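Under our numbering, the first residue of the sequence shown is numbered 935, with each subsequent residue one higher.
Heads up, the thing below is written out as structure tokens.
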Amino acid sequence: MFEIILVSACLCGINCKYNGLNNFKKPILELVKEGNAMLVCPEQLGGLETPRPPSEIVNGTGKEVLFGNAKVLSNEGIDVSKQFIKGANEVLNLAKLTNTELVILKSKSPSCGIGKIYDGTFNGILKEGNGVTAELLIQNGFKVINEDEFGGV
């Protein structure tokens, strides 16, 4: 079992999702109750309010956002790339400070998505790629999974 785990706060019932709700998953909350997990919300750590307009990565993935070749835009057309990058860096700092061995993030999110994220059209269509935070953590050698993969760890 892993010692320190970072977890998307929305997965534990914290109402930090863009619409002010959460993505509660009881097995992940149990990690917190056992004292093995620390909650993070990259979007809030980056300075975004809750609730906030939904955002998606346009013309790329988290990797391209980190390199300045794509943007995270709200459905109102507001560029929130800076906040997403700041939040990703804050989560990376926490991961390093706590010697995190595993990070469990929310699937499909422009911050936390792993493997598949929304395509930037706000039509519920997925594309291959990682969110900004997931990509930064992976680039820095952290093991990152989504809530659906958690059962297999």
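Positions of the beta carbon are idealized from the N, C-alpha and C atoms, including for glycine.
Bear in mind that the values here come from a model prediction, so they are computed numbers and not experimental data.
Margin query: Which same chain residues end up closer than 7 Å to I991 when comparing Cβ atoms and leaving out the 5 residues on each side of it in sequence?
Written below: Start at 1 with the first residue of the sequence shown, and residue 991 comes out as number 57. Within the same chain, I991 has close Cβ partners V999, A1004, V1006, P1044, I1051 and G1054.
Checklist line | Proximity to G1049 [Cα-Cα], best of V1025, I1038, E1062 and L1039 | finding: The residue given as residue 1049 occupies position 115 in the sequence shown. It is E1062.
Next item on the list: Pick helix, strand or coil for I939, following the three-state DSSP scheme.
Entry: Here residue 939 corresponds to residue number 5 of the sequence shown, with the count starting at 1. Three-state DSSP puts I939 in a strand.
Check: Quick one: does D1082 have its CB under 7 Å from some CB of chain D?
Finding: Among the protein chains of the structure shown there is no chain D, as only one such chain exists.
Notebook entry, point to check: Does the beta-carbon of T1067 have 16 or more other beta-carbons within 10 angstroms, so that it is buried, or is it exposed?
Noted result: Against the sequence shown, residue 1067 aligns to sequence position 133. So T1067 counts as buried.
Notebook entry, point to check: Looking at C-beta atoms only, is the number of pairs between the segment 1036-1043 and the segment 1066-1081 that lie closer than 8 Å three or more?
Noted result: In short, these stretches touch, since the Cβ pair count reaches three.
Item checked: Distance CB(L940)-CB(A1029) smaller than 7 Å -> Working through the sequence shown from its first residue, we reach residue 940 at position 6. Working through the sequence shown from its first residue, we reach residue 1029 at position 95. Judged by their CB atoms, L940 and A1029 are nearer to each other than the 7 Å cut-off.
Item checked: Separation of K1040 from M935, as counted between CA atoms -> Residue 935 sits at position 1 when you count from the first residue of the sequence shown. Residue 1040 sits at position 106 when you count from the first residue of the sequence shown. Confidence at M935 is low in this model, with a pLDDT of 44, below 50, so its placement is unreliable and no value can be given for it.
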